[in-house]
Amino acid sequence: MNSRALQESKKPLLVAVTGASGAVYALKFLELMREQGQEVHMVMSEAAVQVCSLELGEDGLQRLLRLSARTYDVSRFDSSPASGSSRWRAMVIIPCSMGTLGAVVHGISLNLIHRAADCFLKEQRPLVAVVRETPLNPIHLRNLLKFSQAGGVVFPAMPAFYSRPSDLDEMVSFFVGRLAEFLGFEVKGLPVWQGID
Ligand SMILES: Cc1cc2nc3c(=O)[nH]c(=O)nc-3n(C[C@H](O)[C@H](O)[C@H](O)COP(=O)(O)O)c2cc1C
């Protein structure tokens, strides 16, 4: 690891959780970051709290909160993620709703997640959105392109099947493993495609 990469790796990762379906992606991703020894700070939208309670149950929601070293109130613009001067390894919005995507690409900072993403784009820092919606209307499609053109990475919540997952847990673990590798982590045991033979 070169010295710049080493410096980057010491910074916390900012994880935003929004109200798209797929709270399990956030939970598995934070578990993997814990295994990697990566400090995570988290901000959840109001809708995310509702969807996480529904999809993970109260225990799962509490577990998610415990995996974060620090959790910010989504309505507070006076916390560090609201400033371009704060230092982060990267920001990951997981899962990312179409509502949050729309706000980000139009520069509308209605909450701390939108504002933090706005800062990442203006400072040209790594910003990844694990978007989830189906089907996609023309507004979603245009917003996805705008996000990519503004410097964000669209990393859709689309699990792969070529690893032949035997259950949901394996499927989600493989997906968050790929996300972690994309962010520069080395994930042990992640299947690597060796060709059909
Ligand atoms: C159970 C449930 C599942 C949802 N799934 C999605 C989804 O997959 N994608 C999406 O864009 N919105 C989804 N929504 C709607 C968002 O929660 C809603 O648009 C909300 O305003 C998003 O706000 P946020 O981006 O601030 O979290 C879902 C809502 C509920 C209650």
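The sequence shown runs 0 to 196 under numbering that gives the first Met the number 0.
Ideal Cβ placement from N, Cα and C applies to all residues, glycine included.
C-beta contact flag for Y24 and A128 at 8 Å: Counting from one through the sequence shown, the residue named residue 24 turns up at place 25. Counting from one through the sequence shown, the residue named residue 128 turns up at place 129. Not closer than 8 Å, so no.
Straight-line gap, P11 to E30 (C-alpha atoms, nearest Å): To locate residue 11, count along the sequence shown from 1; it is residue 12. To locate residue 30, count along the sequence shown from 1; it is residue 31. Inter-residue distance for P11 and E30 is about 15 Å (C-alpha atoms, whole angstroms).
The alpha helix (DSSP H) enclosing A25, as first and last residue numbers: Start at 1 with the first residue of the sequence shown, and residue 25 comes out as number 26. From DSSP, the alpha helix (DSSP H) with A25 extends over A22 to E34.
Does the segment 87–105 touch the segment 59–75, meaning 3 or more C-beta pairs lie closer than 8 Å? no
Helix, strand or coil, according to DSSP, for V42 in the structure here? As a working note, residue 42 is residue 43 in the sequence shown. Correct three-state label for V42: strand.
With burial defined as no fewer than 16 other Cβ atoms inside 10 Å of the residue's Cβ, what is the status of F146: buried or exposed? Taking the first residue of the sequence shown as 1, we reach residue 146 at position 147. Flag for F146 reads buried.
Option in D166, V42, T17 and G150 with minimal Cα separation from V73: Along the sequence shown, read from residue 1 onward, the residue named residue 73 stands at position 74. When each option's Cα is compared against that of V73, the closest is V42.
With distance defined between alpha-carbon atoms, name the residue in G194, R69, S78 and P158 nearest to A115. Here residue 115 refers to the residue found at position 116 when the sequence shown is read from its first residue. The shortest Cα separation from A115 among G194, R69, S78 and P158 belongs to S78.
Measuring alpha carbon to alpha carbon, tell me which residue in V153, V191, T99 and R65 is nearest Y161. What you label residue 161 is simply residue 162 of the sequence shown in a count that begins at 1. With distances taken between Cα atoms, Y161 lies closest to V191.
Based on the DSSP secondary-structure assignment, which residues constitute the bridge partners of R163? Here the question's residue 163 lines up with position 164 in the sequence shown. Answer is none; R163 lacks a bridge partner.
Please report how far the alpha carbon of H113 lies from the alpha carbon of R163, in whole angstroms. Stepping through the sequence shown from its first residue, residue 113 is reached at position 114. Stepping through the sequence shown from its first residue, residue 163 is reached at position 164. Distance between the alpha carbons of H113 and R163: 36 Å.
Decide yes or no for the touch test of the segment 161–180 against the segment 136–150: beta carbon pairs closer than 8 Å, at least 3 of them. By the C-beta criterion, the segment 161–180 is judged not to be in contact with the segment 136–150, since fewer than 3 inter-stretch pairs fall below 8 Å.
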